[in-house]
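Each protein sequence line maps, in turn, to chains A and B. Residue 6 in our numbering sits at position 6 of the first sequence, and the numbers go up by one each step. Position in the second sequence counted from 1, then plus 110, gives you our numbering. Working notes, structure below.
Number of protein chains: 2
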Amino acid sequence: MARASTTSDAFNAVAEPRRRDILVLLAADERPVSDIVATLNLPQPSVSKHLRVLLEVGLVDVRRDGRQMFYRTNADAIRPLHEWSGTFERYWRHQLARIKERAENKEQPK
Amino acid sequence: MARASTTSDAFNAVAEPRRRDILVLLAADERPVSDIVATLNLPQPSVSKHLRVLLEVGLVDVRRDGRQMFYRTNADAIRPLHEWSGTFERYWRHQLARIKERAENKEQPK
DNA sequence: TTGACATATTCCGATATGGGAATATAATTC
DNA sequence: GAATTATATTCCCATATCGGAATATGTCAA
Numbered sequence: 001m002a003r004a005s006t007t008s009d010a011f012n013a014v015a016e017p018r019r020r021d022i023l024v025l026l027a028a029d030e031r032p033v034s035d036i037v038a039t040l041n042l043p044q045p046s047v048s049k050h051l052r053v054l055l056e057v058g059l060v061d062v063r064r065d066g067r068q069m070f071y072r073t074n075a076d077a078i079r080p081l082h083e084w085s086g087t088f089e090r091y092w093r094h095q096l097a098r099i100k101e102r103a104e105n106k107e108q109p110k
Numbered sequence: 111m112a113r114a115s116t117t118s119d120a121f122n123a124v125a126e127p128r129r130r131d132i133l134v135l136l137a138a139d140e141r142p143v144s145d146i147v148a149t150l151n152l153p154q155p156s157v158s159k160h161l162r163v164l165l166e167v168g169l170v171d172v173r174r175d176g177r178q179m180f181y182r183t184n185a186d187a188i189r190p191l192h193e194w195s196g197t198f199e200r201y202w203r204h205q206l207a208r209i210k211e212r213a214e215n216k217e218q219p220k
């Protein structure tokens with residue numbers, strides 16, 4: 001079967017580091033493709049391809065203005081990721097607590 | 111170059127749905143492989159392979175007891191994911207605020 | 001040792017990826 | 001309409017994936 005498509009999921013789409021960079025860049029404001037190309041120093045076709053993936057998954061929105069395409073991160077599509085990873089928060093808190101505890105016991109043994 | 115290895119990153123490792131299931135299952139308590147196999151209804155070799163990936167990325171820890179291997183989620187390795195996605199929180203808040211606003215304007219136009 | 005149980009590894013095949021290069025499409029300007 | 005600018009698509013390739021099936025490794029028990 002091979003790996004799940006990059007467009008099957010926000011999880012899969014976001015696995016690619018460049019796509020994460022793009023999402024960060026487009027979070028605050030919409031930007032034309034040329035801006036992304038210049039800022040991230042990537043070949044234009046590569047950027048277009050990544051944007052296509054992000055668009056298919058709904059992680060970005062587009063708007064055309066003349067010959068420019070303005071892309072913008074759709075933050076809401078990232079929420080599932082944040083929520084899923086958030087379910088583990090209580091567990092890493094536990095771990096931290098334990099580590100802290102041990103550290104304190106070490107400083108002041110007995 | 112092809113896609114980045116699944117073992118290159120927590121992001122890549124977690125892109126696979128079954129691996130997410132495993133992580134959830136192992137978050138509360140350590141469990142032997144046979145338990146995972148039974149609970150998630152997956153073929154044993156498949157589970158072993160997924161665990162290997164998770165282990166390489168540090169998303170799980172193992173402990174051997176006799177012939178059983180007890181795996182457990184290392185929640186701390188999930189934090190980068192949560193933190194990265196968390197940087198977008200302010201943006202989806204904005205969006206929600208806007209949507210809410212529009213909805214209220216609609217209810218009571220003029 | 002032999003056997004039984006628990007888990008890991010290997011081999012296979014189909015598939016999709018991301019990069020590079022080239023080219024296509026679309027919109028604007030002259 | 002031709003040239004130019006902005007973006008998208010296509011083609012090719014090396015690579016790694018996941019699933020399935022078979023098998024190997026490791027540990028315990030009799």
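Backbone N, C-alpha and C define an ideal beta-carbon position, used for all residues, glycine too.
Where residue i falls: helix, strand or coil (DSSP)
i	result
D177 of chain A	Residue 177 of chain A lies beyond the range of chain A shown here (1 to 110); nothing can be said about it.
P153 of chain B	coil
T87 of chain A	coil
R130 of chain B	helix
P219 of chain B	Annotation note: pLDDT 46 at P219 of chain B (below 50); position unreliable, no value reported.
V79 of chain A	Val is not the amino acid found at residue 79 of chain A; the sequence shown has Arg there. If DSSP states are grouped into helix, strand and coil, R79 of chain A belongs with the helices.
R177 of chain B	coil
R3 of chain A	coil
Distance cut-off 7 Å: residue i Cβ against heavy atoms of the ligand ATP
i	result
A120 of chain B	Although the ligand ATP was asked about, the structure shown includes no ligands whatsoever.
Proximity of residue i and residue j at Cβ, strictly below 8 Å
i	j	result
A10 of chain A	L59 of chain A	yes
V143 of chain B	Y201 of chain B	no
T39 of chain A	L25 of chain A	yes
V53 of chain A	A4 of chain A	no
Inter-residue Cα distance where the pair is residue i and residue j
i	j	result
R18 of chain A	E140 of chain B	35 Å
A15 of chain A	M111 of chain B	15 Å
R79 of chain A	H204 of chain B	13 Å
G176 of chain B	G86 of chain A	34 Å
L152 of chain B	V167 of chain B	21 Å
H192 of chain B	L81 of chain A	7 Å
Q154 of chain B	I22 of chain A	38 Å
Q178 of chain B	T73 of chain A	46 Å
R20 of chain A	R174 of chain B	37 Å
A185 of chain B	W84 of chain A	12 Å
E199 of chain B	S46 of chain A	27 Å
L51 of chain A	H160 of chain B	29 Å
A77 of chain A	S158 of chain B	31 Å
Classification of residue i by the beta-carbon crowding that lies within 10 angstroms, buried from 16 upward
i	result
A138 of chain B	exposed
T117 of chain B	exposed
A207 of chain B	exposed
I146 of chain B	buried
P219 of chain B	Because the pLDDT at P219 of chain B is just 46, under 50, the model does not fix this residue reliably, and the value given afterwards should be weighed accordingly. With fewer than 16 other Cβ atoms within 10 Å, it is exposed.
V237 of chain B	One cannot answer for residue 237 of chain B here, as it falls past the ends of chain B, which runs 111 to 220.
I209 of chain B	exposed
Under 8 Å, CB to CB, which of the residues in the stretch 123-142 of chain B have a partner in chain A?
V124, A125, E126, P127, R130, L133, V134, A137 and A138
With 7 Å as the limit, tell me which residues of the stretch 40-63 of chain A have their beta carbon closer than that to any beta carbon of chain B; keep them in chain order.
none
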